[in-house]
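So the structure is just underneath, and the comments pick up after that.
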């Protein structure tokens, strides 16, 4: 009963991740013995000849000369004698005996994909003692029990049955993104031919016909593809959506959030907005309640500067900032962005209005410069225009507070002992409870409300 | 070949030339007199077997069974010659390439590979073999070796004229001679008359850095500055290596103090399996040294004497083949040791802090889904 053994690309240096196949010294059908020259590979370090690991017969070469192969990927398949202790499989099927350590079946219920290292980096890390470093994305965090693990037989497992195909055909399949084990062979003796691969690629691209573009009336489906027989569309996560997701997850799961709420009578603010709109000096800017709430927040920060800080986990330090880069969440065609106004604490009201106007215009036109997205210290999210009372915002990563500003409505309100119709809004402040205590958060929010209710208070505190 | 400097033949003791012709030496010839044909054959046998093991280990690394391997090919004469001059009362502090010396000290060669498969930091009992664990930090062990030698003197294991007299032999390379540790060790050994033989295998390269970037003079000349008697020997001449080590050990065991030996040799293989020597040395150099192969040289001498019968050659070949097969099977059969075993040899006696750390680490390991896999 024949048994099979697969040889995987070894790490011929320390910490190498891939190698180029230069020359095969054997061919399918060759009888080989241990340590005879098998294949010449080129790594980042040198040209290396790999000796044959078994006595047996070469069944097939799984990679072609010129291919770049990841360390651990199967490169050749041998038929070996049935004497090997762990090579025999009932029914005569073959087995892949990997020299790379395999992961045992975990004895836990929750089994999900391995989580990648949370530090997102596109750079190669140099974290090896000797060698040329590890390529980006190769670092994986070891899963904990409350976490999860790739199930056995996941990525990297090869079919037990040898697929017959010539190396150039395998290369073509890889280039076309066709999994060769799924191709129906038409060649002699079950050989997968070039035409088979091309046919499979064509069939697959036919299925993926439903591709959406930006001009579609459903722009969120852009670059998606049809799934589930047309009942759903799968859209790859990228760009702003990807960064938003990363930022939100990072923020939500590192900073313990607390949100405090405050309902305020802002009739005086509405009067002020009306007056400023009529003011000759403010004719070149758009005066909105957002301007007043921004100023109110800046005044509150001035009274409680310790809210304007960030938590440096690595250094175990709290960074108190003596400047305010005021972020304002903006919905843009690309998605949610939080550009910030640099040194907003220095700006008189008119300049602040100019800056908010420019920030909003750039965001709307999709021209927000990257510099405007970095270095924020505290933020405002203005949910009012959508008719929403308030929410519990998630912190922009690296900041310790964010103010949500809700819709301003006319509501019955007790004013000077009587029920009157007043302009009322809801304010919410989320903060990082690692460095901001409830009292501080409450004081900051109360101060914002105070200025909104009585803008003249700003004169006192300004 | 340079006329002067660390790569010259200045002052080399040689008792066997590259064609296998026997030479004499006024000071050291006598120390080789006891080497009869049987003992020479035993050394040839050891060199042959060790080289076969070395080649097998290289193959195993290329097949993904070892993380790394450091070949000693070309340095067999220096290692087997010096190893054969020792006796059980001596104690060796090797660097990480001393597979030949390990063999002469009775370490089963495949056991060395536990280190290079990433399973253990050392897999033999140093006391049982008089052979310390490998040290990978360049030259760091020279101070431990010196301290051990000073302790041997205090234990009365030196200068009694008995068979219990011993000495330490500390192996390191040309690159290590530039390390502060090695220079400190020579200083301490000299002023304390420590019974230690510093055995430098000058294989001409500190990874890729040539010995000419380590010294202006032959490395043996450095001993004089410390007041340590020194000798320079042809490191590819197993008979000369035996003779000078025999002299050095007798000197050290007698209580007369340390000795420095420089064995001038050539690293035929790469620094390690992660290195590509073609980037820093020429084919001409490799060809020059191939003609000076230590095994071929002794083989020619034994054949000239008519003392290398076919049975001996066949016996060595079959032992080499069997060792290769056994090495391959043994390596593949090893299980990962439990990670907690790393705490086992921190102290000789039970230790509270270590016990607490071991307990914590066990709990930590159990918190992972893939317990033990990342040992």
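Protein chains in written order, with the numbering used here: chain A, 23 to 484; chain B, 553 to 927. Here a beta-carbon is modelled for each residue, glycine too, at the ideal position from N, C-alpha and C.
* Asked: Is the distance from the Cβ of residue 770 of chain B to the Cβ of residue 811 of chain B below 9 Å?
  -> As a working note, residue 770 of chain B is residue 218 in the second chain. As a working note, residue 811 of chain B is residue 259 in the second chain. The Cβ atoms of residue 770 of chain B and residue 811 of chain B lie no closer than 9 Å to each other.
* residue 86 of chain A to residue 38 of chain A span [Cα, whole Å] -> Working through the first chain from its first residue, we reach residue 86 of chain A at position 64. Working through the first chain from its first residue, we reach residue 38 of chain A at position 16. Within the model, the alpha-carbon separation for residue 86 of chain A versus residue 38 of chain A is close to 20 Å.
* Asked: Taking any Cβ of chain A, which residues in the region 584-614 of chain B have a Cβ under 9 Å from it, in chain order?
  -> Of all residues in the region 584-614 of chain B, 607, 608, 610, 611, 612, 613, 614 have a Cβ within less than 9 Å of some Cβ in chain A.
* Asked: What residues in its chain sit with their C-beta under 8 Å from that of residue 886 of chain B, if we drop five residues either side in the sequence?
  -> Within the second chain, the letter at position 334 stands for residue 886 of chain B. Same-chain partners within the cutoff: 666, 669, 671.
* Interface residues of the region 61-72 of chain A facing chain B [CB-CB below 8 Å] -> Here the close residues are 67, 68, 69, 70, 71, 72.
* Pull up the distance between the alpha-carbon of residue 356 of chain A and that of residue 248 of chain A, whole angstroms please. => Taking the first residue of the first chain as position 1, residue 356 of chain A is located at position 334. Taking the first residue of the first chain as position 1, residue 248 of chain A is located at position 226. When the Cα atoms are used, residue 356 of chain A and residue 248 of chain A turn out to be separated by approximately 22 Å.
* With DSSP collapsed to three states, give me the class of residue 388 of chain A. => Your numbering for residue 388 of chain A matches position 366 in the first chain. Residue 388 of chain A: coil per DSSP, three-state reduction.
* Asked: Does any CB atom of chain A fall closer than 9 Å to the CB of residue 619 of chain B?
  -> Along the second chain, read from residue 1 onward, the residue named residue 619 of chain B stands at position 67. Judged by the 9 Å Cβ criterion, residue 619 of chain B is in contact with chain A.
* For the region 583-671 of chain B, list the alpha helix (DSSP H) runs that are entirely contained and at least 4 residues long, ordered along the chain. => The region 583-671 of chain B contains these whole alpha helix (DSSP H) runs: 589-614, 628-636, 651-656, 661-668.
* Asked: Should residue 571 of chain B and residue 821 of chain B be called a contact, given that it needs their Cβ atoms to be closer than 9 Å?
  -> Here residue 571 of chain B refers to the residue found at position 19 when the second chain is read from its first residue. Here residue 821 of chain B refers to the residue found at position 269 when the second chain is read from its first residue. No.
* Asked: So, does the CB of residue 819 of chain B fall closer than 9 Å to a CB anywhere in chain A?
  -> On the second chain, residue 819 of chain B is found 267 positions in, with the first residue counted as 1. Residue-level contact check: residue 819 of chain B does not touch chain A, since none of the beta carbons of chain A fall below 9 Å from its beta carbon.
* How long is the line joining the alpha carbons of residue 49 of chain A and residue 916 of chain B, rounded to whole angstroms? -> The residue given as residue 49 of chain A occupies position 27 in the first chain. The residue given as residue 916 of chain B occupies position 364 in the second chain. Spanning the two alpha carbons is a distance of roughly 48 Å.
* **Beta-carbon gap between residue 719 of chain B and residue 701 of chain B smaller than 9 Å** => Taking the first residue of the second chain as position 1, residue 719 of chain B is located at position 167. Taking the first residue of the second chain as position 1, residue 701 of chain B is located at position 149. The answer is yes: Cβ separation under 9 Å.
* My understanding is that residue 698 of chain B touches residue 740 of chain B, with C-beta atoms under 8 Å, so please give their C-beta distance in whole angstroms. => Here residue 698 of chain B corresponds to residue number 146 of the second chain, with the count starting at 1. Here residue 740 of chain B corresponds to residue number 188 of the second chain, with the count starting at 1. About 5 Å separates the two Cβ atoms, so the contact holds.
* Taking buried to mean at least 16 other C-beta atoms within 10 Å of its own C-beta, is residue 707 of chain B buried or exposed? -> By one-based count along the second chain, residue 707 of chain B stands at place 155. Flag for residue 707 of chain B reads exposed.
* **Contact set for residue 316 of chain A: own chain, Cβ-Cβ below 8 Å, skip 5 residues either direction** => On the first chain, residue 316 of chain A is found 294 positions in, with the first residue counted as 1. 348, 350, 366, 374, 378, 402, listed in sequence order.
* Asked: Apart from the five residues just before and just after residue 76 of chain A, which ones in its own chain have a Cβ nearer than 6 Å to its Cβ?
  -> Mapped onto the first chain, residue 76 of chain A falls at position 54. Counting only residues of its own chain and dropping the five nearest sequence neighbours on each side, residue 76 of chain A has a CB closer than 6 Å to the CB of 27, 100, 102.
* Asked: Under the three-state reduction of DSSP, which class applies to residue 101 of chain A: helix, strand or coil?
  -> Numbered from its first residue, the first chain carries residue 101 of chain A at position 79. DSSP places residue 101 of chain A in strand when its eight states are reduced to three.
* To do: Following the continuous alpha helix (DSSP H) through residue 463 of chain A, name the residue where it begins and the one where it ends.
  => In the first chain, residue 463 of chain A corresponds to position 441, counting from 1. Where residue 463 of chain A is concerned, the enclosing alpha helix (DSSP H) starts and stops at 460-475.
* Mind pulling the alpha helix (DSSP H) runs of 4 or more residues that sit fully within the region 238-281 of chain A? -> Segments of the alpha helix (DSSP H) lying fully in the region 238-281 of chain A: 261-276.
* Taking the C-alpha atoms as reference points, what is the distance between residue 196 of chain A and residue 632 of chain B? -> Position 174 of the first chain, counting from 1, holds the residue named residue 196 of chain A. Position 80 of the second chain, counting from 1, holds the residue named residue 632 of chain B. So the two alpha carbons sit approximately 52 Å from each other.
* Would residue 242 of chain A be called buried (16 or more neighbouring beta carbons within 10 Å of its own) or exposed? -> For the purposes of this step, residue 242 of chain A is taken as residue 220 along the first chain, with counting starting at 1. The residue is exposed, with fewer than 16 neighbouring Cβ atoms inside 10 Å.
* **Spatially closest choice to residue 339 of chain A from A:92, A:63, A:456, by CA coordinates** => Taking the first chain and counting its residues from 1, the one referred to as residue 339 of chain A is at position 317. Distances from the CA of residue 339 of chain A to each of A:92, A:63, A:456 were compared; the closest alpha carbon is that of A:456.
* Verify the CB distance criterion: does residue 36 of chain A have a CB-CB separation below 9 Å to chain B? => Here residue 36 of chain A refers to the residue found at position 14 when the first chain is read from its first residue. Yes, residue 36 of chain A counts as interfacial toward chain B.
* Only counting runs of 3 or more residues, tell me where the beta strand (DSSP E) segments fall wholly within the region 353-436 of chain A, in order along the chain. => For the region 353-436 of chain A, whole beta strand (DSSP E) runs of length 3 or above, ordered along the chain, are 357-359, 400-404, 423-427.
* For residue 156 of chain A and chain B, any beta-carbon pair shorter than 9 Å? -> Residue 156 of chain A sits at position 134 when you count from the first residue of the first chain. In this predicted model, residue 156 of chain A has a pLDDT of only 46, less than 50, meaning its place in the structure is not dependable; the value taken from the coordinates is given anyway. Not closer than 9 Å to any Cβ of chain B, the Cβ of residue 156 of chain A fails to qualify, so no.
* **Extent of the continuous alpha helix (DSSP H) run through residue 847 of chain B** => To locate residue 847 of chain B, count along the second chain from 1; it is residue 295. First-last of the alpha helix (DSSP H) with residue 847 of chain B: 846-857.
* Asked: With distances taken between CB atoms, is the gap from residue 607 of chain B to residue 625 of chain B smaller than 9 Å?
  -> Position 55 of the second chain, counted from the start, is the residue given in the question as residue 607 of chain B. Position 73 of the second chain, counted from the start, is the residue given in the question as residue 625 of chain B. At a Cβ-Cβ threshold of 9 Å, residue 607 of chain B and residue 625 of chain B count as neighbours.
* Which same chain residues, not among the five before or five after residue 603 of chain B, have their C-beta less than 7 Å away from its C-beta? -> In the second chain, the residue the question calls residue 603 of chain B occupies position 51. Same-chain partners within the cutoff: 625, 628, 847.
* Asked: Hey, residue 446 of chain A and residue 287 of chain A: beta-carbon distance below 9 Å or not?
  -> By 1-based counting over the first chain, the position of residue 446 of chain A is 424. By 1-based counting over the first chain, the position of residue 287 of chain A is 265. Between residue 446 of chain A and residue 287 of chain A, the gap from beta carbon to beta carbon is short of 9 Å.
* Asked: In chain A, which residues lie less than 9 Å from residue 825 of chain B when you measure between Cβ atoms?
  -> Along the second chain, read from residue 1 onward, the residue named residue 825 of chain B stands at position 273. Here the neighbours are 34, 35, 36, 70.
* Asked: Looking at the C-beta of residue 757 of chain B, does it have a partner C-beta in chain A at a distance below 9 Å?
  -> Sequence index remark: in the second chain, residue 757 of chain B carries index 205 (1-based). So, not an interface residue.
* To do: Check whether the Cβ of residue 474 of chain A lies closer than 9 Å to any Cβ atom in chain B.
  => Within the first chain, numbered from 1, the residue matching residue 474 of chain A stands at position 452. The Cβ of residue 474 of chain A sits no closer than 9 Å to any Cβ of chain B.
* Asked: Using a Cβ-Cβ distance under 9 Å, would residue 367 of chain A count as near chain B?
  -> Here residue 367 of chain A refers to the residue found at position 345 when the first chain is read from its first residue. Cβ-Cβ to chain B under 9 Å: no for residue 367 of chain A.
* Asked: In chain order, what residues of the same chain lie with their CB nearer than 7 Å to the CB of residue 90 of chain A, ignoring the 5 residues before and after it?
  -> Residue 90 of chain A sits at position 68 when you count from the first residue of the first chain. Cβ contact annotation for residue 90 of chain A (same chain, cutoff 7 Å, sequence separation greater than five): 40, 42, in chain order.
* Asked: Just curious, the beta strand (DSSP E) that residue 444 of chain A is in, first and last residue?
  -> The count along the first chain starts at 1 and reaches residue 444 of chain A at position 422. Here the beta strand (DSSP E) through residue 444 of chain A covers 440-454.
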